[in-house]
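K.L.:
Residue numbers (the numbering used here), protein chains in the order written: chain A, 1 to 105; chain Y, 106 to 568; chain U, 569 to 824. Note that the Cβ used here is the ideal one computed from N, Cα and C, for glycine as well.
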Ligand code: SF4
Ligand code: SF4
Ligand code: SF4
């Protein structure tokens with residue numbers, strides 16, 4: 001486990017750079033982590049995905065099914081991979097401050 | 106695949122993240138390496154030697170002929186000699202010889218015995234987590250020495266002294282707490298299934314159910330939770346098939362996972378995870394139990410469930426049944442109307458998940474289905490399919506980021522065979538395989554896709 | 569001195585061999601097999617299992633699938649070893665019976681033994697050398713080889729060499745040898761043949777007998793028969809397979 005400093009605040013992240021305590025998330029976290037995912041600047045499209053992930057997570061305590069992300073954001077999967085090259089379950093979740101989805105995925 | 110030159114220690118640096126204290130404690134395992142870990146480990150080793158003939162026998166009889174050496178995908182992919190099955194087994198065997206045989210106790214190094222030291226433990230954690238327990242080596246051994254059994258024993262010993270990977274333990278914890286590996290709570294499971302029903306309604310105009318917790322349904326289907334989370338076409342395939350055949354089915358939010366990661370850690374958790382499924386079948390009062398597209402689930406269910414959690418006589422045989430067995434049965438009985446040309450344009454080949462083929466003998470039914478639902482189905486070379494199939498490189502608890510190098514090396518023999526087939530689509534009924542292949546295709550810049558068997562069946566169904 | 573020493577050594581070695589092997593096999597047999605771990609393609613019924621085991625035991629079936637260039641010397645070596653053992657039995661232990669059973673006169677019998685025994689002796693040593701060279705030149709097999717692997721090969725090589733030497737250099741008096749064997753078996757040991765190679769041969773054999781139960785050579789105990797990946801059936805759904813150390817399954821429905 002390690003600590004990263006984003007926007008002047010310190011956060012604990014796991015080995016893969018996912019936030020340990022999702023309640024500490026602020027938009028600054030996403031902006032700060034974007035670089036590590038190879039994203040220069042977060043666009044509205046990025047935010048659309050991030051916000052949906054957070055909204056769903058707050059309701060269900062888990063990341064949403066990928067197909068639901070596509071449906072709700074209106075982006076086809078290809079577009080989501082353009083936005084987050086490591087995919088919705090990795091990069092997008094990381095920026096949204098969700099724990100890393102694991103399992104057979 | 107050509108046999109690589111030896112590259113000693115080529116894979117020595119690739120290691121899984123270790124599980125932290127809290128995680129270990131939550132699974133009832135030692136929180137961290139105790140001061141007397143050596144004695145504890147040897148004690149556990151001794152216990153296992155008394156419990157498992159496979160281990161006792163395979164410690165003694167290997168003749169180091171090397172017939173298995175070039176059969177392991179991880180050796181073929183890395184060239185690291187310690188990834189040769191025989192050498193992997195020797196990592197445990199040398200400690201066995203030192204501590205449990207007369208020759209080793211007397212003559213130590215002459216008998217190739219070795220003390221259990223930090224270095225040895227570190228090697229164990231590296232190389233026993235670069236084995237996917239795929240059992241390909243065992244197929245070629247003159248005595249049936251199954252290195253997967255040795256890997257399992259080594260992992261069980263390590264777990265007992267507080268050494269286990271984060272990935273595997275985290276997944277087991279979620280399976281115990283929430284019923285599935287991804288950690289989808291009941292409300293989200295129900296919501297996800299409803300979402301799919303709406304999607305199906307929009308697509309077909311029909312009321313096709315993706316039921317949850319329907320007591321009294323005929324069939325309890327236990328899919329890998331990944332089928333709801335990412336491989337939704339597979340889930341849709343199940344729903345379409347049950348609808349077309351007029352079978353009342355249900356999923357369970359209590360047992361919403363087929364895959365059993367206990368298989369990758371120890372006997373106790375293997376049994377406990379399986380039990381959820383049996384309990385759920387009993388509670389819902391279903392007549393039959395069907396397992397979804399998952400390789401490891403099939404081994405845990407087909408080969409072990411009756412022993413671990415049985416008798417299963419309250420369910421109709423065959424119990425459990427694989428979704429591919431059921432689908433093939435329905436096709437044979439003419440209960441599904443199929444239009445192959447719906448899958449035209451795809452060139453499909455079939456990847457035998459190790460745990461279906463070698464672990465459970467399920468090899469014909471998926472092919473039967475594919476022949477019935479696609480026009481262009483072809484096989485990969487004969488020494489890479491059926492019981493000789495190559496692992497996807499991510500089974501056995503390796504499907505995690507930090508082992509990416511191992512995964513991308515382990516998948517090489519399979520990809521080479523896939524290339525020769527000239528197919529565009531790799532069909533396979535295993536969630537781990539489905540997660541691994543897209544990454545591998547991208548890594549090796551291959552323009553190919555992985556797809557579930559039921560996905561293709563679903564597309565070809567005429568409703 | 570050698571008169572007493574050689575038979576005594578043989579008695580001790582034989583006892584160690586029998587007890588050692590018996591103990592090993594007993595430990596394997598007694599150790600439970602908790603789960604069904606049979607390998608595909610697995611038979612559904614007993615005759616299929618028997619067929620599979622016979623194929624492995626006598627044909628080295630899995631090895632044939634794995635590597636023809638290993639299967640060939642390995643199978644030929646084991647085959648010639650079995651023939652040599654039968655030859656020793658027929659030529660030394662029950663020569664009269666063997667001779668009558670084959671319908672040969674004494675001269676013909678000795679002649680046949682000379683030719684067949686000689687040929688098989690050469691085959692055994694050639695295939696064993698083949699295995700040794702393979703172990704030395706194939707990098708991956710060399711990497712996994714331990715001292716004991718070479719030790720076993722060299723020991724066998726010496727036994728075969730001394731055996732062949734007696735046959736081809738003609739120093740051995742076969743009648744003396746038969747008398748020695750008969751005396752030893754009857755627990756009335758007599759002096760060994762005068763040919764010193766014979767004594768060396770016997771000492772080496774004793775070393776082998778003592779070594780077998782404590783090394784990988786225990787595999788001569790027909791271990792494929794005991795291997796759960798080979799001797800089980802693919803029927804865990806039809807027949808509940810019970811784990812002897814975990815019979816009491818907790819099948820009560822959970823309270824939730
Ligand atoms: S094939 Fe069997 S006997 Fe030969 S080295 Fe491998 S495990 Fe040992
Ligand atoms: S079980 Fe599979 S991964 Fe493990 S050593 Fe054998 S061939 Fe390699
Ligand atoms: S993930 Fe699939 S291919 Fe890999 S070991 Fe498991 S079943 Fe085999």
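What whole-angstrom Cβ distance do residue 317 of chain Y and residue 340 of chain Y have, given they're in contact under 8 Å?
P.N.:
Contact flag wrong, Cβ pair sits at about 12 Å.
K.L.:
State the start and end residues of the unbroken alpha helix (DSSP H) segment that holds residue 521 of chain Y.
P.N.:
Unbroken alpha helix (DSSP H) run through residue 521 of chain Y: 517–526.
K.L.:
For chain Y, find out if any of its Cβ atoms is closer than 9 Å to the Cβ of residue 782 of chain U; answer yes or no.
P.N.:
Interface residue, yes.
K.L.:
Determine which residues of the segment 165–178 of chain Y have a Cβ less than 9 Å from any Cβ of chain U, and write them out in chain order.
P.N.:
Correct list: 165, 166, 167, 168, 169, 170, 171, 172, 173, 174, 175 and 176.
K.L.:
Closer than 9 Å by beta-carbon distance: list the chain U residues that pair up with residue 427 of chain Y, in chain order.
P.N.:
Result: empty, since nearest Cβ-Cβ is about 11 Å, beyond 9 Å.
K.L.:
Using three-state DSSP, classify residue 25 of chain A as helix, strand or coil.
P.N.:
Looking at residue 25 of chain A - three-state DSSP - the assignment turns out to be coil, as it is neither helix nor strand.
K.L.:
Smallest Cα separation from residue 260 of chain Y: which of Y:185, Y:320 and Y:375?
P.N.:
Ranking Y:185, Y:320 and Y:375 by Cα distance to residue 260 of chain Y puts Y:375 first.
K.L.:
Would you identify the three-state DSSP class for residue 206 of chain Y, choosing helix, strand or coil?
P.N.:
Coil at residue 206 of chain Y, not helix or strand.
K.L.:
For chain B, find out if any of its Cβ atoms is closer than 9 Å to the Cβ of residue 506 of chain Y; answer yes or no.
P.N.:
Any reference to chain B falls outside this structure, whose protein chains are A, Y and U.
K.L.:
How long is the line joining the alpha carbons of residue 783 of chain U and residue 716 of chain U, rounded to whole angstroms?
P.N.:
Looking at the two C-alpha atoms, the distance is approximately 8 Å.
K.L.:
Under the criterion of a Cβ to heavy atom distance below 8 Å, does residue 404 of chain Y qualify as lining ligand 1?
P.N.:
It does not: the Cβ of residue 404 of chain Y is nowhere closer than 8 Å to a heavy atom of ligand 1.
K.L.:
Nearest by alpha-carbon distance to residue 23 of chain A: which of A:80, A:55 and A:37 is it?
P.N.:
Closest option to residue 23 of chain A, Cα to Cα, is A:55.
K.L.:
Listed from N- to C-terminal order along the chain, which residues in the segment 2–22 of chain A have their beta-carbon within a distance smaller than 8 Å of any beta-carbon of chain Y?
P.N.:
Correct list: 15 and 16.
K.L.:
Secondary structure at residue 270 of chain Y, three-state DSSP: helix, strand or coil?
P.N.:
In this structure, residue 270 of chain Y counts as strand in the three-state DSSP scheme.
K.L.:
What's the C-alpha gap between residue 567 of chain Y and residue 36 of chain A?
P.N.:
Each residue's alpha carbon lies about 47 Å from the other.
K.L.:
Are the CB atoms of residue 116 of chain Y and residue 183 of chain Y within a distance shorter than 9 Å?
P.N.:
Contact: yes.
K.L.:
So, is residue 824 of chain U buried or exposed, given that buried needs 16 or more other C-beta atoms within 10 angstroms?
P.N.:
Its pLDDT being 35, under 50, residue 824 of chain U is placed unreliably in this model, and the coordinates cannot settle the point.
K.L.:
Counting only runs that start and end within the segment 344–406 of chain Y, where is the alpha helix (DSSP H) found for 4 or more residues in a row?
P.N.:
Entirely contained in the segment 344–406 of chain Y, the alpha helix (DSSP H) runs reaching 4 residues are, in chain order, 372–389 and 400–403.
K.L.:
On the premise that residue 157 of chain Y lies in contact with residue 599 of chain U, defined as a C-beta separation below 8 Å, what is that separation, rounded to the nearest angstrom?
P.N.:
About 7 Å; that satisfies the 8 Å criterion.
K.L.:
Whole angstroms is fine: what's the gap from residue 419 of chain Y's alpha carbon to residue 384 of chain Y's?
P.N.:
Using only the alpha carbons, I get a separation of about 11 Å.
K.L.:
Express the C-alpha separation of residue 516 of chain Y and residue 534 of chain Y in angstroms, rounding to a whole number.
P.N.:
Whole-angstrom Cα-Cα distance: 17 Å.
K.L.:
Over what stretch of residues does the alpha helix (DSSP H) that includes residue 265 of chain Y continue unbroken?
P.N.:
252–265 is the span of the alpha helix (DSSP H), which, as asked, contains residue 265 of chain Y.
K.L.:
Which class does residue 708 of chain U belong to by DSSP, given the choice of helix, strand or coil?
P.N.:
Residue 708 of chain U falls in the helix class under three-state DSSP.
K.L.:
Got a sec: which bits of the segment 472–487 of chain Y sit with their beta carbon under 8 Å from any beta carbon on chain U, in order along the chain?
P.N.:
The residues in question: there are none.
K.L.:
Measuring only between beta-carbons, confirm whether residue 240 of chain Y sits less than 9 Å from chain U.
P.N.:
It does; some Cβ of chain U falls within 9 Å.
K.L.:
Would you grab the beta carbon distance between residue 238 of chain Y and residue 493 of chain Y for me? Rounded to a whole angstrom, and I think it's under 8 Å.
P.N.:
Going by Cβ atoms, the distance from residue 238 of chain Y to residue 493 of chain Y rounds to 16 Å, so no, they are not a contact pair.
K.L.:
Got a sec, what are the start and stop residues for the beta strand (DSSP E) residue 12 of chain A sits in?
P.N.:
9–13 is the extent of the beta strand (DSSP E) around residue 12 of chain A.
K.L.:
Any C-beta of chain Y within less than 9 Å: which residues of the segment 62–80 of chain A qualify?
P.N.:
The segment 62–80 of chain A vs chain Y, Cβ under 9 Å: 62, 63, 64, 65, 66, 67, 68 and 71.
K.L.:
Is residue 185 of chain Y near ligand 2 - that is, is its Cβ less than 8 Å away from at least one heavy atom of it?
P.N.:
Not so, every heavy atom of ligand 2 lies at least 8 Å from the Cβ.
K.L.:
Inspect the beta-carbon positions of residue 145 of chain Y and residue 330 of chain Y and report whether they are closer than 9 Å.
P.N.:
In this structure, residue 330 of chain Y does not lie closer than 9 Å to residue 145 of chain Y by Cβ.
K.L.:
Taking 8 Å as the line, does the beta carbon of residue 715 of chain U fall inside it for any heavy atom of ligand 1?
P.N.:
Residue 715 of chain U: no, Cβ never under 8 Å from ligand 1.
K.L.:
Is residue 635 of chain U near ligand 2, judged by its Cβ being under 8 Å from some heavy atom?
P.N.:
False, no ligand heavy atom lies under 8 Å from that Cβ.
K.L.:
From what residue to what residue does the beta strand (DSSP E) around residue 455 of chain Y run?
P.N.:
That run of the beta strand (DSSP E) goes 453–455.
K.L.:
Look up residue 219 of chain Y in the DSSP assignment and say whether it is helix, strand or coil.
P.N.:
Residue 219 of chain Y: coil per DSSP, three-state reduction.
K.L.:
At a Cβ threshold of 9 Å, is residue 509 of chain Y touching chain U?
P.N.:
Output row for residue 509 of chain Y: interface = no.
K.L.:
Look at the alpha carbon of residue 298 of chain Y and the alpha carbon of residue 30 of chain A, and state the distance between them as a whole number of angstroms.
P.N.:
Each residue's alpha carbon lies about 30 Å from the other.
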